[in-house]
Amino acid sequence: MFDRPQRGELAILLHVGIGAPPDKDQQQEFRELADAAEAEVVGELTARLRAANPRTLIGAGKLAELAAMAEETCASLLLVDHPLTPGQERNLERELELRVVSRTGLILDIFALRARTFEGKLQVELAQLRHLSTRLVRGWTHLERQKGGIGLRGPGETQLETDRRLLAKRIKQLEARLERLGKRRDLSRQRRRKRDLATVSLVGYTNAGKSTLFNRLTEAGVVAADQLFATLDPTLRRMELPDRTPCVLADTVGFIRDLPHELVAAFQSTLEESRGARLLLHVVDCTDRDVEQRMADVDVVLRQIGADDLPMVQVFNKIDILGAKPRVDRAETGMPSRVWVSAATGDGIESLLGVISEYLHLELVRGTVRLGVTQARLRSLLYDTGQVLDERELNEGGWELEVELDRQGYEQLRRREDLELIVAGDDAQRAVVN
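Counted the way this note's numbering counts, the sequence shown spans residues 25 to 458.
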């Protein structure tokens, strides 16, 4: 066995491509991830594989190259830009005598480094423990006695099971704490709705300029740096549009290709700010050579958190670098679909504020919804989607809610939840559940 350092600073990057050479843009992104984790890259190796080796991911030749590079550079850490099974991770560590971290583990480490708020730290710890729970066997391989027989019995299995129980207990504690914090966020969102404060949420690929745009719109002074995941904890600020309409702007964590499932699950309460928004501003770095893929990666995460059907405007940022002029592109419906701005210089910001105002003043639908006792989930969804003006309990069980929704949000609920709008008069409208 070798001593596993708590933190490796001298790192070798391993870029792996299955069936094709590793993509150059993805290699650059992985270098930026390593830099964000404060690792000093002393060597890089690319490997094109026909198929992944189930034992070590790569073949014997690449293993020998890595071993020689590690000895020459005195590296103590291997960062692998590919998912690793627990067995592959363990076998690579044994063969190379290096600490091995996959792309998922690297992103989790960056989040742990950047978390500042109490909730953010809890979310990151939960994500790390969920990831660790699939790899717990690594730390106790020297105590394993799984075959049985004379001379082979020992405490390994007992110790491993004890650790698993402790890990499961800690995960439950964190989930309970985050659930309580999530309820507080729900109450805050409900209070904002009662005050008729719409939420506009910034989403986008990491390092697209969301925090810079957030500072430009709100003067919040949020940390903005040219690196991946410069800001992690969500920030909300009240702002006023040119027509004096107040709203709340939310700056959320940046997305990235193959965002670890553990992080998406742990950050559900934070990402609720996006799912409960009236409008999403998808901030895009228009200078990125792989801009279409970046936008597709963000769409994947939005689908994961259930926010893919919300009204969204693409904000093409950094036009000062591109040399483009600020403008607003409109869809066939006449509504704005894309705004070209520079958060750094302020070009196009007035047009963006006008677009936000246009979306927040869409036609509203006000009516009454009658729900049965088995439709508590739909009741909760109405609270999350719109503004509940009044609620009454029915004698036969269930609820009658007076709600106000924007037309687009109502149409989405009508299709998804089978709500039918019945016009009962010139102004009165009643929504009933089929």
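Each residue gets a CB set at the ideal place from its N, CA and C atoms; glycine is no exception.
Span of the alpha helix (DSSP H), counted from its first residue to its last, around residue i
i, result
"M93", "84-97"
"P270", "First-last for P270: 270-275, but that is the beta strand (DSSP E), not the alpha helix (DSSP H)."
"F238", "234-242"
"L153", "142-157"
"S375", "373-384"
"R281", "Here R281 belongs to no alpha helix (DSSP H), and DSSP marks it neither H nor E."
"T128", "127-138"
"G111", "110-120"
"D49", "48-60"
Minimum C-alpha distance to residue i - residue among the options
i, options, result
"A400", "A63, G422, L413, L386", "G422"
"S298", "V315, E89, T276", "T276"
"L437", "R154, D187, L405", "L405"
"P335", "T357, I345, L346", "T357"
"R394", "Y383, L386, V412", "V412"
"D333", "D344, L304, A320", "L304"
"Q317", "G228, L156, E199, V397", "G228"
"E62", "R74, E435, L130, L120", "L130"
"E53", "E424, T230, A274", "T230"
"G347", "S361, V365, A355", "V365"
"I280", "I134, A139, S157", "I134"
"E264", "E96, E374, A94, E68", "E374"
"V397", "E415, E420, Y407, D414", "E420"
"R194", "R208, L156, Y407, K207", "L156"
"M359", "I345, V337, L260, Y434", "V337"
"A139", "I82, L81, T259, R209", "T259"
"I82", "P350, H39, A274", "H39"
"V325", "F340, V339, G278, K349", "G278"
Expected contact under 8 Å - CB spacing of residue i and residue j to nearest Å
i, j, result
"R55", "L34", "At roughly 15 Å, the Cβ-Cβ gap does not stay under 8 Å, so R55 and L34 are not in contact."
"V124", "L102", "5 Å"
"G372", "P266", "Rounded, the Cβ-Cβ distance is 14 Å, inconsistent with contact."
"L237", "L226", "7 Å"
"D323", "V315", "With 8 Å as the limit, D323 and V315 do not qualify as a contact, their Cβ atoms being about 13 Å apart."
"L150", "L191", "L150 to L191, Cβ: 11 Å. No contact."
"R72", "P107", "Contact doesn't hold; Cβ gap of about 17 Å is too wide."
"A88", "L122", "Rounded, the Cβ-Cβ distance is 14 Å, inconsistent with contact."
"L132", "Q152", "5 Å"
"M93", "L116", "About 14 Å; that fails the 8 Å criterion."
"P110", "T158", "6 Å"
Beta-carbon proximity of residue i to residue j, cut-off 8 Å
i, j, result
"R79", "Q51", "no"
"L202", "Q147", "yes"
"T369", "A301", "no"
"S381", "T242", "no"
"L376", "V363", "yes"
"E424", "L418", "yes"
"G233", "V352", "no"
"K342", "T392", "no"
"R127", "D321", "no"
"V66", "A58", "no"
"R313", "D49", "yes"
"A472", "I42", "There is simply no residue 472 to check, as the chain begins at 25 and stops at 458 in what is shown."
"C271", "L386", "no"
"A367", "S361", "no"
"E143", "L205", "yes"
"T441", "L402", "Per the sequence shown, the amino acid found at residue 441 is Glu instead of Thr. A contact, by the Cβ cut-off of 8 Å."
Residue range of the unbroken beta strand (DSSP E) whose run includes residue i
i, result
"G228", "222-228"
"G67", "64-73"
"H106", "Run containing H106: none; DSSP gives neither H nor E here."
"E33", "It is not in any beta strand (DSSP E) - E33 carries neither H nor E in the DSSP assignment."
"T259", "259-264"
"L81", "Segment: none, L81 is in no beta strand (DSSP E) and carries neither H nor E."
"D309", "303-309"
Cβ-heavy atom distance, residue i to the ligand NAD, below 7 Å
i, result
"L132", "With respect to small molecules bound, the structure shown includes none, and the ligand NAD cannot be examined in it."
Cutoff 8 Å: residue i Cβ touching any chain E Cβ
i, result
"D332", "In the structure shown, chain E does not exist; there is a single protein chain."
**Study point:** Length-filtered (3 minimum) beta strand (DSSP E) runs lying within the region 314-371
**Key:** 336-341, 351-354, 360-364
**Study point:** Segments of 4+ residues assigned as alpha helix (DSSP H) that fall wholly inside the region 393-435
**Key:** 400-409
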